[in-house]
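Engineer: Sharing a structure below in structure tokens format, with a few things to ask.
2 protein chains.
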Amino acid sequence: MARAKAGTKGVPRLERESQMLEVASEIFGNEGYAATNIQVVAERAGISKPLIYNYFGSKEGLFLACLDRAGTIVADEIERIARGDAVGIERGLRTLEGMFTILEPQPYLWKLFYDPTAPSTGAVADAIDHYTQRIAKLADEGVAELMGLAGNTDPVDISAMTALWLGIVDSLMNWWMEHPDESADAMMQRCVRLLSALLGDSRQ
Amino acid sequence: MARAKAGTKGVPRLERESQMLEVASEIFGNEGYAATNIQVVAERAGISKPLIYNYFGSKEGLFLACLDRAGTIVADEIERIARGDAVGIERGLRTLEGMFTILEPQPYLWKLFYDPTAPSTGAVADAIDHYTQRIAKLADEGVAELMGLAGNTDPVDISAMTALWLGIVDSLMNWWMEHPDESADAMMQRCVRLLSALLGDSRQ
DNA sequence: CCGTGGTAACTTACTCAAAAGTCATATGAG
DNA sequence: CTCATATGACTTTTGAGTAAGTTACCACGG
């Protein structure tokens, strides 16, 4: 008798891991670290809580694994685009396009790096720092280039503009999450329209 | 003997309430709802935890009161500016100026409405909804005006642009929170510079 | 082709700490 | 003297983390 449904279900470790990571990333991204309940992650993944601890050690460990997965996906893509030859506004649009394409099935990944409730010390903080630095560095390059073309080389202005740019990406991701029917391509076209509306009106 | 320091301290109820609300708003805004500990709020306000419960009933009740206070401050200001006669980009800049001025001593108030860890049901959710709707409605008017000038009247584009605009405000607030030496006026001038850099480069 | 042991995958049923929330009581202002 | 203001010391709840054991797959000897 005893434990009704214990025992392996024949799912290999790696497969279970990515299955857990997908579910966990979605919940962490949508609810935030602090508001995420491991029990809920387990239920939605169709497994038990201890299995998560067995595989990832702790809530932080699970979050860290999510960060690494998402960070690689996102930062690699931005780096790939940065190596292209677009400059100024064009580079910004190319970057957006890449983000939309890569985050089409999972826009919440972006949120993992900008979660104010994530632990602010330890390995998690280090990982967040690592990936956001990597992203911010590339953004900063693009922004400095854009600002330079307009004759502004003030580093503080560039820092503010970079924050603004990352905030713009963030807002677009949020809006997108609320409009899931929108395809990556449609998002991209919309951005172009928004930009031209902004520029079209701008000189009174 | 017994309770060393119990008993009234002669502070009238209303004064204590706003004192608690100020402290609580700062912590809720900076740490987020989920990560906020009522005990800590009490300590920082120099009073005991039960007094908070006596006055506000629950953590949610306290948060709700913070929302009402901040919502009134922010929405009233935006409404005041909307009644002015600036249009297009100019209206946006005036709104930013108003936000910077009013949030100069307490930029974290803004964060209360965009806290992903706040309860997503009940009175708190209703209040958040109420104030963000109120803010979004005004933003939407301004954005529709701007887009109209550029010949774009698509409501979905307007919705996206509104989200973008609110995100821009949010980013600027966040950047400002990380650069507390900056005065409201300096922030304003910086925004004008950023805008002109963006527009200056824009037509290849 | 059939046991049989070893190991990886898995769960139930707990412990424990932190933080929300309550109660009984104290004390100073009017 | 009294009651709104205030607190120390609880109880309760929630959720992270763990101990101990169960079951299925699989290699290998017969």
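Just so you know, the protein sequences line up as chains A and B, in that order.
The numbering of the first sequence is the working numbering, which starts it at 2 and goes up by one.
The numbering of the second sequence is the working numbering, which starts it at 2 and goes up by one.
Every residue, glycine too, gets a C-beta built ideally from N, C-alpha and C.
1. Using beta-carbon positions only, say whether residue 153(A) and residue 198(B) come within less than 7 Å of one another.
2. In the structure shown, what three-state DSSP assignment does residue 26(B) receive?
3. What residues from chain A crowd round residue 117(B), counting only those whose CB sits closer than 9 Å?
4. Three-state secondary structure (DSSP) at residue 96(B)?
5. Under the assumption that residue 28(B) contacts residue 12(B) (Cβ atoms under 8 Å), give the Cβ distance between them as a whole number of angstroms.
6. Taking the beta carbon of residue 144(B) as the centre, do at least 16 other beta carbons fall within 10 Å, making it buried, or is it exposed?
7. Kindly say whether residue 202(B), judged by its beta-carbon, lies nearer than 7 Å to any beta-carbon of chain A.
8. Consider the Cβ of residue 127(A): report whether some Cβ of chain B lies at a distance smaller than 7 Å.
9. How would you write the range of the alpha helix (DSSP H) that residue 190(A) sits in, first residue to last?
10. In the segment 30 to 64 of chain A, which residue ranges form an unbroken alpha helix (DSSP H) of at least 4 residues, counting only runs that do not cross its ends?
11. Since residue 1(A) and residue 76(A) should fall inside the 8 Å C-beta cutoff, what is the C-beta to C-beta distance between them, to a whole number of angstroms?
12. What separation, rounded to the nearest whole angstrom, lies between the Cα atoms of residue 90(A) and residue 58(A)?
13. Hey, quick one: how far does the alpha helix (DSSP H) through residue 154(B) stretch, first residue to last?
14. Using the Cβ count rule (16 or more neighbours within 10 Å means buried), how would you classify residue 126(A)?
15. Indicate the three-state DSSP secondary structure (helix, strand or coil) for residue 81(B) in the structure shown.
16. Can a CB atom of chain A be found closer than 7 Å to the CB of residue 223(B)?
17. How many whole angstroms separate the CB atoms of residue 162(A) and residue 97(A), which I take to be in contact at a CB cut-off of 8 Å?
18. Quick one: which chain A residues come within Cβ less than 7 Å of residue 191(B)?
19. Taking only three categories from DSSP, how would you classify residue 106(B)?
20. Tell me whether residue 30(B) is buried or exposed, calling it buried when 16 or more other Cβ atoms sit within 10 Å of its Cβ.
21. Below 7 Å CB to CB, which residues in the same chain sit around residue 110(B) once its five sequence neighbours on both sides are set aside?
22. Is the segment 168 to 182 of chain B touching the segment 161 to 179 of chain A in the sense that three or more CB pairs, one from each, lie closer than 8 Å?
23. Is there a C-beta anywhere in chain A that falls below 7 Å from the one on residue 174(B)?
24. Keeping to the same chain, check which residues put their C-beta closer than 7 Å to that of residue 82(B); ignore five residues upstream and five downstream.
25. For residue 69(A), does the three-state DSSP call read helix, strand or coil?
26. Enumerate in chain order the residues of its own chain whose CB-to-CB distance from residue 49(B) is below 6 Å, with the five nearest sequence positions on each side excluded.
27. Does the Cβ-Cβ distance between residue 33(A) and residue 118(A) come in under 7 Å?
28. So if I threshold CB-CB distances at 7 Å, which residues from the segment 75 to 97 of chain B count as touching chain A?
29. Below 7 Å between beta carbons: does that hold for residue 35(B) and residue 137(A)?
30. Give the secondary structure of residue 144(A) by DSSP, where H, G and I count as helix, E and B as strand, and everything else as coil.
31. Taking CB distances under 7 Å as the criterion, tell me whether residue 195(A) reaches chain B.
Structural biologist: In terms of the structure at hand:
1. As a working note, residue 153(A) is residue 152 in the first sequence. As a working note, residue 198(B) is residue 197 in the second sequence. Yes; because the gap between Cβ atoms is below 7 Å, this pair is in contact.
2. Here residue 26(B) refers to the residue found at position 25 of the second sequence. Helix at residue 26(B).
3. Within the second sequence, residue 117(B) is the residue found at index 116, counting from 1. Residues of chain A passing the Cβ test: 31, 32, 33, 36, 112, 116, 117 and 118.
4. In the second sequence, residue 96(B) corresponds to position 95, counting from 1. Residue 96(B) falls in the helix class under three-state DSSP.
5. The sequence position of residue 28(B) within the second sequence is 27, counting from 1. The sequence position of residue 12(B) within the second sequence is 11, counting from 1. That pair is no contact at about 20 Å.
6. Working through the second sequence from its first residue, we reach residue 144(B) at position 143. Residue 144(B) should be labelled buried.
7. Sequence index remark: in the second sequence, residue 202(B) carries index 201 (1-based). Below a pLDDT of 50, predicted positions are generally treated as unreliable, and residue 202(B), at 46, falls in that range; no measurement from the model is reported.
8. Mapped onto the first sequence, residue 127(A) falls at position 126. Not closer than 7 Å to any Cβ of chain B, the Cβ of residue 127(A) fails to qualify, so no.
9. Here residue 190(A) refers to the residue found at position 189 when the first sequence is read from its first residue. Residue 190(A) -> alpha helix (DSSP H) spans 185 to 202.
10. 39 to 46 and 50 to 57
11. Any question about residue 1(A) goes unanswered here, given that chain A covers just 2 to 205.
12. In the first sequence, the residue the question calls residue 90(A) occupies position 89. In the first sequence, the residue the question calls residue 58(A) occupies position 57. The straight-line gap from Cα to Cα measures roughly 44 Å.
13. Against the second sequence, residue 154(B) aligns to sequence position 153. Careful: residue 154(B) lies outside any alpha helix (DSSP H) and carries neither H nor E.
14. Indexing the first sequence from 1 puts residue 126(A) at position 125. Exposed: under 16 other Cβ atoms inside 10 Å.
15. The sequence position of residue 81(B) within the second sequence is 80, counting from 1. Here residue 81(B) sits in helix by DSSP.
16. Outside the displayed span of chain B (2 to 205) sits residue 223(B), for which this structure offers no information.
17. Position 161 of the first sequence holds residue 162(A). Position 96 of the first sequence holds residue 97(A). Incorrect: roughly 16 Å between the Cβ atoms, too far for contact.
18. Position 190 of the second sequence, counted from the first residue, corresponds to residue 191(B). 158 and 161, listed in chain order.
19. Working through the second sequence from its first residue, we reach residue 106(B) at position 105. Residue state, collapsed to three classes: coil.
20. Here residue 30(B) is taken as the residue at index 29 of the second sequence, counted from 1. The residue is buried, with at least 16 neighbouring Cβ atoms inside 10 Å.
21. Locating residue 110(B) in the second sequence gives position 109, where the first residue counts as 1. Excluding positions up to five away in sequence, the list reads 26, 30, 71, 74, 75 and 104.
22. yes
23. Counted from its first residue, the second sequence places residue 174(B) at position 173. It does not: the Cβ of residue 174(B) has no partner Cβ on chain A nearer than 7 Å.
24. As a working mapping, residue 82(B) is identified with position 81 in the second sequence. Cβ within range, chain order: 95, 96 and 99.
25. Numbered from its first residue, the first sequence carries residue 69(A) at position 68. Residue state, collapsed to three classes: helix.
26. Looking up residue 49(B) in the second sequence gives position 48. Correct list, in chain order: 43.
27. Your numbering for residue 33(A) matches position 32 in the first sequence. Your numbering for residue 118(A) matches position 117 in the first sequence. Cβ distance < 7 Å, so residue 33(A) and residue 118(A) count as in contact.
28. 89 and 90
29. Sequence index remark: in the second sequence, residue 35(B) carries index 34 (1-based). Sequence index remark: in the first sequence, residue 137(A) carries index 136 (1-based). No, these two residues do not count as a Cβ contact at 7 Å.
30. Stepping through the first sequence from its first residue, residue 144(A) is reached at position 143. The answer is helix: DSSP assigns residue 144(A) an H, G or I state.
31. As a position in the first sequence, residue 195(A) is number 194, starting the count at 1. Output row for residue 195(A): interface = yes.
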